[in-house]
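Numbering (full-length UniProt numbering), first residue to last: 1 to 109. What follows is a short report on a single structure.
So this is what it looks like as structure tokens:
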């Protein structure tokens, strides 16, 4: 019966070693993914992310009041139908209406 216990203890130790090795590999994979994501997120426009090291403003710039929009609001043109006019049906809306017309329950409102 003694050899059976030795074999069982060997299997338990092998399983524990495999579990520890698996956890170490999972942790290393998680760190690699985090590093990859970090480098992807910081690989954007370098000029926007941080100004070059040689550029330093000498004095603060004066604050200029800015309008909310750079363009003036254009009044609607005479004779032009608005974009949401009921007589202008897009292809997608027409396809949806045809699909719901065939379905039981009729057309959606």
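For each residue, glycine too, the CB sits at the ideal point set by N, CA and C.
- For residue 39, the uninterrupted alpha helix (DSSP H) run begins and ends at 2 to 41, by DSSP.
- A direct Cα-Cα distance of roughly 52 Å separates residue 25 from residue 93.
- In the structure shown, residue 97 falls within a helical segment according to DSSP collapsed to helix, strand and coil.
- Between residue 100 and residue 74, the alpha-carbon positions lie close to 38 Å from each other.
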